[in-house]
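Undergrad: The sequence shown runs 643 to 1042 under the numbering used here. Quick reminder that beta carbons are idealized off the backbone N, C-alpha and C, glycines included.
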Amino acid sequence: YSKINQAGAGANVVHLLPQGSLRREVVGTDRRAATSEELQEMVRLAEKAMAEGAWGMSTGLIYVPGTYADTNELVALAKVVARHNGIYASHIRNENVRLLKAVDEAMEIGRRAKLPVHVSHFKSSGRESWGLVRRAAERIAAARKAGQVVTADQYPYVASSTSLDATVIPTWARAGGRKELVRRLDDKEIGQRIRTAIAENLSRKENGRVLKIARYSPRSDWVGKSVAEIAEGEKLTTVEVAVQVARNGGAAIVNFSMSEEDVRHIMQVRWVATASDGRAYLPGADRPHPRSYGTFARKLGHYAIREKVLGLPAAVRSMTGLPAKILGLKDRGVLRVGTVADVAVFDPKAIRDAATFEDPHQYSEGFRYVFVNGRPAVFRGKPTGALAGRAVVHEQEKAK
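Laid out in structure tokens, this is it:
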């Protein structure tokens, strides 16, 4: 926190305790249950992180090694978070055909640990699962009606982004890291099992046609092409492309896996916030998901103002007051005397997301002023270079 505050940041920074990194630190990347001693150490480190100002705990339950934690392990850590009045924010265990079960697990963790639950980038991923996110929303609504605190967030696109490995290679094959994965691929029997699993996963992704390479250092000419296009050009099978990428360190991808109807339905739900699931990029040869540049302008301009999927006040609330409420930021997220002046001013007639999947490194248009902690970060449409952002520390009271 002191480094952020000394150097400054473009935006304010709120930290969540990363469960995957916590498990990696204590257990490593092995595919096994934590021992009682290891769990005790993870609890100790979680306690330390929360006491130092984390706002909750995040999980990425499709990624190694976080995926190897069972529900009981997650509950034990979530109880630490609950004692500090934090939240449990989860990239849930499955966003495909087992979406409902994954949402149920997240809500079970919240009930058992007695803390708020937040489902990150809420969606149905994969044509075979389209519509399930609406049923999941109904389950969450029922839990909320019964008194449980459950929320979610969404980015307004029909494509997601992650690694090719996480998309097509089973979690058991990724245990132990890259070297172990390559060793398994080289094993005749195990390697065939992995290739069979990759083929099955690719078959659910139109044999790689919906998976586009966003970043891959060994072959920059593959960036922007689908796995199927690469296979055709290289005279390989799509499985061979996936295996080659895995051997060479992996690749980031954009996955065109969602239904526009699902996206539009979920953005109208009052407890679903807007969040990019993105990061800050330097413009370059890579083709990352445009969400890091265009999420908020797209929700406001395309969906609220032009398509009228939701009202403009609801869209604004989804990216201001609602996320502040979810996190527990009591002095931010609303325009009120006495609150922190984090303010964005935009022209409703000009607001537009310029970033595309083909050309993602494009700033959104129509934002006239942005104030961070009262200082202008954007003035008359131009960045000022100010680094007024700070680490926002959770100075919670212990739950009684």
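Do you know offhand how far Ala676's Cα is from Tyr1005's?
TA: Position 34 of the sequence shown holds residue 676. Position 363 of the sequence shown holds residue 1005. Cα to Cα, the separation comes out at about 44 angstroms.
Undergrad: Within the chosen definition, does the region 718–730 reach the region 746–760 through at least 3 CB pairs nearer than 8 angstroms?
TA: Yes: at least three Cβ pairs fall under 8 angstroms.
Undergrad: Could you check whether His931 and Val896 sit closer than 7 angstroms to each other, using their CB atoms as the reference points?
TA: For the purposes of this step, residue 896 is identified with residue 254 of the sequence shown, where counting begins at 1. For the purposes of this step, residue 931 is identified with residue 289 of the sequence shown, where counting begins at 1. Going by C-beta atoms, Val896 is nearer than 7 angstroms to His931.
Undergrad: If you draw a straight line from the C-alpha of Asp829 to the C-alpha of Pro812, how long is it?
TA: For the purposes of this step, residue 829 is taken as residue 187 along the sequence shown, with counting starting at 1. For the purposes of this step, residue 812 is taken as residue 170 along the sequence shown, with counting starting at 1. Looking at the two C-alpha atoms, the distance is approximately 16 angstroms.
Undergrad: My output table needs one value for Lys645: the three-state DSSP class, helix, strand or coil.
TA: Translated into positions along the sequence shown, residue 645 becomes position 3. Residue state, collapsed to three classes: helix.
Undergrad: Check whether the Cβ of Ile993 lies closer than 7 angstroms to any Cβ atom in chain D.
TA: Going by chain labels, chain D is absent from the structure shown, which holds only one protein chain.
Undergrad: What ranges does the beta strand (DSSP E) occupy inside the region 958–1029, keeping only unbroken runs of at least 3 residues that lie completely in it?
TA: Listed in chain order, they are 985–988, 1009–1014, 1017–1021.
Undergrad: Mind checking who Ile855 pairs with in its DSSP beta bridge?
TA: Walking along the sequence shown from the start, residue 855 turns up at place 213. Beta-bridge pairing links Ile855 to Ile895.
Undergrad: Starting from Asp712, trace the beta strand (DSSP E) both ways and give me its first and last residue.
TA: One-based indexing of the sequence shown puts residue 712 at position 70. Taken as a continuous stretch (DSSP letters only), Asp712 belongs to no beta strand (DSSP E), as it is neither H nor E.
Undergrad: Verify whether the separation of the beta carbon atoms of Arg994 and Gly1008 is less than 7 angstroms.
TA: As a position in the sequence shown, residue 994 is number 352, starting the count at 1. As a position in the sequence shown, residue 1008 is number 366, starting the count at 1. It is a contact, given that the beta carbons lie within the stated cut-off.
Undergrad: Under a Cβ-count criterion, where at least 16 other Cβ atoms within 10 Å of its own Cβ denotes burial, should Glu1039 be classed as buried or exposed?
TA: Taking the sequence shown and counting its residues from 1, the one referred to as residue 1039 is at position 397. Any reading at Glu1039 is ruled out, since the residue's pLDDT is 41, under 50, leaving its predicted position unreliable.
Undergrad: Identify, in the order they occur along the chain, each residue of the same chain with its Cβ nearer than 6 angstroms to the Cβ of Ile1031, setting aside the five sequence neighbours on each side.
TA: Position 389 of the sequence shown, counting from 1, holds the residue named residue 1031. Correcting the residue type first, residue 1031 is Gly in the shown sequence and not Ile. Excluding sequence neighbours, Gly1031 sits near Ala651, Gly652, Ala653, Asn654, Val1014.
Undergrad: Hey, could you find the ends of the beta strand (DSSP E) Gly702 is sitting in?
TA: As a working note, residue 702 is residue 60 in the sequence shown. Where Gly702 is concerned, the enclosing beta strand (DSSP E) stretches over 698–702.
Undergrad: Only counting the same chain, and skipping five residues up and downstream in sequence, which positions put a Cβ closer than 6 angstroms to that of Thr916?
TA: Residue numbering aside, residue 916 sits at position 274 when the sequence shown is read from its first letter. Once the five neighbours on either side are set aside, the close Cβ partners of Thr916 are Lys941, Ser960, Met961.
Undergrad: Based on the DSSP secondary-structure assignment, which residues constitute the bridge partners of Ser868?
TA: Start at 1 with the first residue of the sequence shown, and residue 868 comes out as number 226. The partner list for Ser868 (beta bridge, DSSP) reads Lys854.
Undergrad: Drop a sphere of 10 angstroms on the beta-carbon of Gly698, count the other beta-carbons inside from all chains shown, and report buried for 16 or more, exposed for fewer.
TA: Position 56 of the sequence shown, counted from the start, is the residue given in the question as residue 698. It counts as buried.
Undergrad: Would you mind reading off the limits of the alpha helix (DSSP H) that contains Thr937?
TA: Taking the first residue of the sequence shown as 1, we reach residue 937 at position 295. Segment 933–939, the alpha helix (DSSP H) holding Thr937.
Undergrad: So who's on the other strand from Thr793, going by DSSP bridges?
TA: Taking the sequence shown and counting its residues from 1, one reaches residue 793 at position 151. Bridge partners of Thr793: His760.
Undergrad: What do you reckon, are the CB atoms on Gly920 and Ser934 nearer than 7 angstroms?
TA: Residue mapping note: residue 920 aligns to position 278 of the sequence shown, counting from 1. Residue mapping note: residue 934 aligns to position 292 of the sequence shown, counting from 1. Yes, Cβ-Cβ distance for Gly920 and Ser934 is below 7 angstroms.
Undergrad: Leaving out five residues before and five after Ile870 in sequence, what residues of the same chain have Cβ atoms less than 7 angstroms from its Cβ?
TA: Your numbering for residue 870 matches position 228 in the sequence shown. Reading the sequence as shown, one finds Ala at residue 870 and not Ile. Cβ within range, chain order: Asn849, Gly850, Arg851, Thr880.
Undergrad: Name the two residues that bound the continuous alpha helix (DSSP H) containing Val914.
TA: Position 272 of the sequence shown, counting from 1, holds the residue named residue 914. No alpha helix (DSSP H) holds Val914; the beta strand (DSSP E) holding it covers 914–916.
Undergrad: List, from N- to C-terminal side, the alpha helix (DSSP H) runs of 4 residues or more that fit wholly inside the region 797–836.
TA: The region 797–836 contains these whole alpha helix (DSSP H) runs: 806–810, 820–828.
Undergrad: Check Pro955 in the structure and name its three-state DSSP category.
TA: Your numbering for residue 955 matches position 313 in the sequence shown. Helix at Pro955.
Undergrad: What's the C-alpha gap between Ile872 and Gly943?
TA: Start at 1 with the first residue of the sequence shown, and residue 872 comes out as number 230. Start at 1 with the first residue of the sequence shown, and residue 943 comes out as number 301. Roughly 35 angstroms between the two C-alpha positions.
Undergrad: Kindly indicate which residue of Arg857, Asp904, Met909 has the alpha-carbon position closest to the one of Asn890.
TA: In the sequence shown, counting from the first residue as 1, residue 890 sits at position 248. Checked all of Arg857, Asp904, Met909; the closest Cα to Asn890 is Arg857.
Undergrad: In angstroms, rounded to a whole number, what distance separates the CA positions of Leu924 and Ala1033?
TA: Start at 1 with the first residue of the sequence shown, and residue 924 comes out as number 282. Start at 1 with the first residue of the sequence shown, and residue 1033 comes out as number 391. Those two C-alpha atoms are separated by around 22 angstroms.
Undergrad: Assuming Val759 and Tyr730 are in contact, meaning their beta carbons sit under 8 angstroms apart, how far apart are those beta carbons, in whole angstroms?
TA: For the purposes of this step, residue 759 is taken as residue 117 along the sequence shown, with counting starting at 1. For the purposes of this step, residue 730 is taken as residue 88 along the sequence shown, with counting starting at 1. Indeed, because the Cβ distance is near 5 angstroms, the residues count as touching under 8 angstroms.
Undergrad: Pro707: buried (16+ other C-beta within 10 angstroms of its C-beta) or exposed?
TA: Position 65 of the sequence shown holds residue 707. Per the 10 Å Cβ criterion, buried.
Undergrad: Are the CB atoms of Ala696 and Leu658 within a distance shorter than 7 angstroms?
TA: For the purposes of this step, residue 658 is taken as residue 16 along the sequence shown, with counting starting at 1. For the purposes of this step, residue 696 is taken as residue 54 along the sequence shown, with counting starting at 1. Yes. Within cutoff.
Undergrad: Given 8 angstroms as the limit, is there contact between the region 723–742 and the region 667–682, that is, 3 or more CB pairs closer than that?
TA: The region 723–742 is not in contact with the region 667–682.
Undergrad: Between which residues of its own chain and Ala957 is the CB-CB distance below 6 angstroms, once the five residues before and five after are set aside?
TA: Position 315 of the sequence shown holds residue 957. Excluding sequence neighbours, Ala957 sits near Lys941, Leu942, Ala946.
Undergrad: Does the beta-carbon distance from Gly662 to Met692 come in below 7 angstroms?
TA: Stepping through the sequence shown from its first residue, residue 662 is reached at position 20. Stepping through the sequence shown from its first residue, residue 692 is reached at position 50. No, the pair does not count as a contact, with Cβ atoms beyond the cut-off.
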